[in-house]
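In my numbering, the protein residues as written are 105 to 249.
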């Protein structure tokens, strides 16, 4: 288990679990074998999902919601726009971010979350999280496509 590594902070463990769960779900939904390398496009989608999950937890903490990760993002969208859960779930990560970017922009992606992304072998290489000027560049790239 990753959390058992010597020198691994307990602060990193929730991010490791989140990223592992996202990768596993993404592979299942897209019919990708466990050992099959992820494409740059796969990694970009995973990075968006991961950042939304991290920002969702920060948003929930800010508002004292007993939610976390992407559920908090979905809740914020439903609350703001009165969209149905089905409408919200049909949105891409970039569309979700765009719809509530004013709430997400001031939130911070913790260094521990960045480290987990940087250290995950399955997403290493194509899209390093720290190579961008800021967290918003992920969304600018996604929306430019």
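Note that CB positions come from ideal geometry on N, CA and C, so glycine has one too.
The model shown is predicted, which means the values in this text are computed figures rather than measured ones.
Looking only at its own chain, which residues have a Cβ that is under 7 Å from the Cβ of residue i, when we skip the five neighbours before and after it?
| i | result |
| --- | --- |
| residue 299 | Nothing about residue 299 can be read from this structure; the chain reaches only from 105 to 249. |
| residue 219 | 116 |
Roughly how many angstroms lie between the CA atoms of residue i and residue j, to the nearest whole one?
| i | j | result |
| --- | --- | --- |
| residue 129 | residue 151 | 13 Å |
| residue 173 | residue 136 | 24 Å |
| residue 138 | residue 177 | 28 Å |
| residue 181 | residue 132 | 26 Å |
| residue 179 | residue 126 | 19 Å |
| residue 140 | residue 118 | 25 Å |
Please work out which residues of its chain come closer than 8 Å, Cβ to Cβ, to residue i, disregarding the five sequence neighbours upstream and downstream, and give them in chain order.
| i | result |
| --- | --- |
| residue 211 | 159, 162, 163 and 166 |
| residue 215 | none |
Segment contact flag, the stretch 188-195 with the stretch 137-147, C-beta cutoff 8 Å, min 3 pairs
no
Counting pairs of beta carbons, one from the stretch 194-213 and one from the stretch 152-161, are three or more of them closer than 8 Å?
yes
Check whether the stretch 116-128 touches the stretch 157-171, counting contact only when three or more Cβ pairs, one atom from each stretch, lie closer than 8 Å.
Contact between the stretch 116-128 and the stretch 157-171 is present, because at least three Cβ pairs lie under 8 Å.
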